[in-house]
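When we follow our numbering, the leftmost residue of the sequence shown carries the number 833, and every step to the right adds one.
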Amino acid sequence: MGDRFVVVPVDGGRDAAEHSGPVVAQATRSTGGDGGEEEPEVEEDPVFEPQDPNVAVPILKYNREPNKYGDGVPKENSPFINNTDNDKSNSYDGTNMALFEEEMDSNPMVSSLLDKLANYTNLTQGAQEHEEADDDEGSKKKAVKSPQMGTFMGVYLPCLQNILGVILFLRLTWIVGTAGILESLAIVGLCCSCTMLTAISMSAIATNGVVPAGGSYYMISRSLGPEFGGAVGLCFYLGTTFAGSMYILGTIEILLTYIVPKAAIFVAEKKEDEGEALLNNMRVYGTCCLTLMSVVVFVGVKYVNKLALVFLACVILSILAIYAGVIKTIFEPPDFPVCMLGNRTLQNHNFDKCLKMDMIDNLTTTTQLWKLFCDGPESNATCNEYFLNNNVTQIQGIPGLISGVISENMWSEYGPQGMLVENKKLSSVGGSDPTQDIYLPYVVNDIASFFTLLVGIYFPSVTGIMAGSNRSGDLRDAQRSIPVGTILAIFTTSIIYFTCVVLFGACIEGVLLRDKFGDSVKGNLVIGTLSWPSPWVIVIGSFFSCCGAGLQSLTGAPRLLQAIARDGIVPFLQVFGHGKANGEPTWALLLTGAICEIGILIASLDAVAPILSMFFLMCYLFVNLACAVQTLLRTPNWRPRFKYYHWALSFLGMSLCLALMFISSWYYAIVAMVIAGCIYKYIEYRGAEKEWGDGIRGLSLNAARFALIRLEEAPPHTKNWRPQCLVLLNLDSDQAVKHPRLLSFTSQLKAGKGLTIVGNVLEGTFLTKETEAKKAEQNIKSSMTAEKTKGFCHVVVSSNLRDGVSHLIQSAGLGGMKHNTVLMAWPGTWKQSNDTQSWKNFIETIRETTSAHQALLVAKNVDSFPTNQERLSEGTIDVWWVVHDGGLLMLLPFLLRQHKVWRKCKMRIFTVAQMDDNSIQMKKDLQTFLYHLRLNAEVEVVEMHDNDISAFTYEKTLVMEQRSQMLKQMQLSKTEREREAQLIHDRNTASHSMNDKSETLPDRVHMTWTKEKLFTERNRNRECNSNMAMRDLFNMKPNQTNVRRMHTAIKLNEVVVNKSQGAHLVLLNMPGPPKNRGGDENYMEFLEVLLEGLNRVLLVRGGGREVITIYS
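Below, the structure written as structure tokens:
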């Protein structure tokens, strides 16, 4: 959300004078503290340069653009966060606060901050945003009026319109008749409690800051993070889309069943085909209606918004008609007779009189009803046995409020599909054939009914509580209006539903309540039979109500999808963020229409309702979870203005949502959760990274803190030990990673498990190297991403590399989550480098890891190691187990072989036997040991005899020592030269001071001659000393200890090269550095000889503890 200042011209001379005065005065404040009256020279500033003296001076007015999704900036610019870009041109001229003037760019004066807060306006981000041109140039944007909607118009009425709807008019009477009054009250109570608890949680979230367009999606995503937000946002989108399907199906059901039944395209020839014919008609007409509504939404969404009040008026008038009809039944119940055959209810479509025989002109004739149950109109025709055995009676469908029918409708009447609707208190004589009953004009259950199904069908009638939060941008005081309006709307609709349940049960006969489509009252809408003054009031009102609700769903769902797409968290939805030039979500509307068509093809209102119930319940579940998490974590930013919430209420609401999901339909609940889970994992792995300060991040921090404190209590057991790596990387002069394969090897070794810290040291001070440190960190993170290395990056700036590496080894990690292994590359150019500090730092690192009881892994020729994309063919990983280091040598190949790069490699273990060792027994013992360790490896014992030390060994040792001595001489010479240069400088300084006093000291003027003589004498002595040093160098004899070590290195190298030259990787014990630092360079030479002729080598040095065990 970007802040900008818009130049607003002011018309009129007087107004211009009134407005321009403060602006000029503010812009030209005196720099002095004396309050001088210095006049500004506005001519020098092009902003204030008038083109015409009659034109008013423009004002700088603070404006705030609507939020644009998908900016990818984790830190939002707002008046609450200082935007230094806008203030760079404002120089600080005051002297009272001069102590703070250097920090004014980042820390503004309180007065300027309060000025921004005072001018902050929350712009409309609903329909108005989409009616404006969606370009970045502010001059092309239309001026947006400040929001003026209050609680009643902005929240209460929209929530009423969205909550009251199709289920109330088409299914509530059937639910009451089937479940009975008591269980219907339980269903209504469960669902209304769920929405009330959700509204309390939603009010807390909605009043914890500004909620832009996107409503519940925005609340959940900013509270629980992009993964939960995207998953639940898409579920809410699917719920809204299927709600559109449900409203369209309701519209078509009212049209074809109650308004123009003759408009049906498919007409059933037989009674048993009526259900399928109705579904086919719903599919055809529903598709046409969906197409028409989509065109209306595409062409002019503003007309849909303007008609919303008309549709709401239809709903309110219909409900008032119901209450008026209930009151009228006390005095004069309406005449809607229901024809009964025995105790069975008859469909009253094809006969006028509820009689078997009728007297016409003193003649007894059969009626139309007779023809439906008999072969012909004759009185002696063959008739249905049940028809002959039972009498035909008429009962009043609406006996009235004081008739006492409430006691009969108190209990449930569930049954399977095809069950006859019967009145138990009427007499009935048997003789029916159930196989033939389906062909006769009885009223039957079109679907199997049970309590959990009715919950799923009813729940959509309480959805729509988010309508207020979705319009937060249009509200004058959103933080007050949303809680009051939403909770009041839920309270109002709950009372309507509770009273309707009781009044329907008290006024309408049970068989008519269970007649879903009003077949027993000539196809009238059952709830319409109760209304006053006419059933058509309800029919027409409910028709327009369903039309309006369908249009609202097709308007809101594409905008919700567009908001999710513009957030950029779901990559494959990016295309749906685009739209027409005026911002209309064209592509999102097309997708919404396609998904809505799926619901239309299902064609049954009773089958679609549980589907959208699942998606809405999941959305409400996560709203409650978001509130509970934020409350329990007590995050500093959690400061809702709505105070009547508690985490226990949120958890209760969450539990109720979850229970209702499985009560309604356990398989739909599982499908909805799987869909949400798949979206969550997709966003987690492929989605854009967003930092919204969400509660899940706070929850992760709390969980991490708890786990770290637990880890601190005791060191890990041997069974839980795994290498937690500190990877020491080298960077080049451009701060790019030198050896990225080191990161590849780390990911292959770790496979995403455990801790990985990638460290680097920059030489210098943090104040001067801050930019380079950030660049280095960014480059390392990019390399880690490219090499699929999961871990943390730690760049340290230190006065020298040695101390920086030491600091990393000592302090990297946190609490019990610290590294236990250091991984670094072999310094391959240590011989060619003139700087001895590189290999000295390497040896000191070895000493420090040993002192810190940490394992050390050194990779030689690391650039030849395989990448993560390579797959090594059949080959071996050779382990040379010379000394016991805690078992790390055997654990590493096992871990490597878990990765697909090394999976096909076999493991070979070599150990070295001396002259007095029993090599056969050693091999058996080693095989037994590996068996107990559950490791599969080939074992080989290599015998190394105590041969006489060869002349080659003597010679190589001698060359090594001579080279070391020469380097020391060169180092001494360099030191002498530096010392001599300092001496010459000092003498020159002294000579100048003597020349100044030459008149008083004439005996000291021959300094030049004395200096040359001194240089000649010194050079002669130096040549003599140099010749003596060279003679000593060529006459020296090698140290016996070095000879023995060189012998070991050469012999071991010969054996390793002979056995493992073709191996994909060689793991070798790393000898420790000498205790005497004088032999450090010889140590590097020994290692070089030991590794000569081998391609990929990993030197391993244990951390002084057992890391592998034979026990379970």
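Cβ atoms here follow ideal geometry from the backbone N, Cα and C, with glycine treated the same way. Keep in mind the model is a prediction, meaning the values are calculated, not measured.
Residue from the options whose Cα sits closest to the Cα of residue i
i, options, result
"S1352", "A1321, V1170, I1372", "V1170"
"M1902", "L1720, A1038, K1134", "L1720"
"F1219", "P1273, I1359, S1239", "P1273"
"G1485", "L1004, I1942, L1029, T1010", "L1029"
"M981", "N994, E1210, G1300", "G1300"
"G1373", "E1015, I1148, V1637, D1564", "I1148"
"M1251", "N1277, R1573, Y1271, C991", "N1277"
"C1379", "R1766, M1722, G1082", "G1082"
"G1012", "S1033, I1238, C1023", "I1238"
"I1270", "Y1477, Q1179, L1457", "Q1179"
"R1471", "G1041, W1419, L989", "G1041"
"N1693", "S1892, P1659, Q1610, V1921", "P1659"
"A1644", "K1613, N1632, T1588, I1678", "T1588"
Environment of residue i [buried if 16+ CB atoms lie within 10 Å]
i, result
"M1191", "exposed"
"Y1135", "exposed"
"G1934", "buried"
"M1493", "buried"
"H1549", "exposed"
"V1939", "buried"
"H1685", "exposed"
"V1932", "buried"
"M1298", "buried"
"T1597", "exposed"
"R1863", "With a pLDDT of 49 at R1863, under the threshold of 50, the modelled position of this residue cannot be trusted; read the value that follows with caution. Exposed: under 16 other Cβ atoms inside 10 Å."
"H1181", "exposed"
"V1440", "buried"
"V1224", "buried"
"I1037", "buried"
"G1232", "buried"
"A1426", "exposed"
"I1434", "buried"
"W1202", "buried"
"C826", "Here the chain covers residues 833 to 1944 and nothing more, so residue 826 does not appear."
"D1695", "exposed"
"P990", "buried"
"Y1069", "buried"
Expected contact under 8 Å - CB spacing of residue i and residue j to nearest Å
i, j, result
"L1307", "S1313", "5 Å"
"G1620", "S1670", "Residue identity differs from the one stated: residue 1620 is Lys in this sequence, not Gly. At roughly 30 Å, the Cβ-Cβ gap does not stay under 8 Å, so K1620 and S1670 are not in contact."
"A1691", "L1930", "6 Å"
"L1111", "S1436", "7 Å"
"S1016", "V1261", "Rounded, the Cβ-Cβ distance is 32 Å, inconsistent with contact."
"S1347", "V1275", "The amino acid at residue 1347 is misidentified as Ser; the sequence shows Asp. Right, the Cβ-Cβ distance comes to about 5 Å (below 8 Å), so this counts as a contact."
"V1593", "V1628", "5 Å"
"F1183", "T1197", "Actually they do not touch by this definition, with Cβ atoms about 13 Å apart."
"V1771", "I1741", "5 Å"
Beta-bridge pairing of residue i - partner residues as DSSP gives them
i, result
"P1169", "Q1228"
"A1153", "The partner list for A1153 (beta bridge, DSSP) is empty, contrary to what the question assumes."
"C1737", "G1707"
"L1178", "Y1274"
"S1630", "E1595"
"D1190", "T1197"
"M981", "L1307"
Within-8 Å CB hit, residue i to chain B
i, result
"A1618", "Here there is only one protein chain, and chain B is not present."
Next item on the list: Could you pull out every unbroken beta strand (DSSP E) segment of at least 3 residues lying fully inside the region 1195-1260, listed in chain order?
Entry: 1195-1198, 1224-1228
Kindly provide the ranges of any alpha helix (DSSP H) runs that are 4 or more residues long and lie completely inside the region 986-1023, ordered along the chain. 989-995, 998-1002
For this session: Could I get the ranges of all uninterrupted alpha helix (DSSP H) runs contained in the region 1027-1082, with 4 residues as the minimum, in chain order?
Result: 1048-1056
* Asked: In chain order, which beta strand (DSSP E) runs of at least 3 residues are fully inside the region 1635-1700?
  -> 1653-1657, 1687-1692
**OP:** Would you list, in sequence order, the uninterrupted alpha helix (DSSP H) runs of no fewer than 4 residues that lie entirely inside the region 1259-1346?
**Re:** 1266-1269, 1283-1290, 1299-1302, 1310-1339, 1342-1345
Legend entry - Residue ranges of each alpha helix (DSSP H) within the region 1590-1624, 4 or longer: 1598-1618
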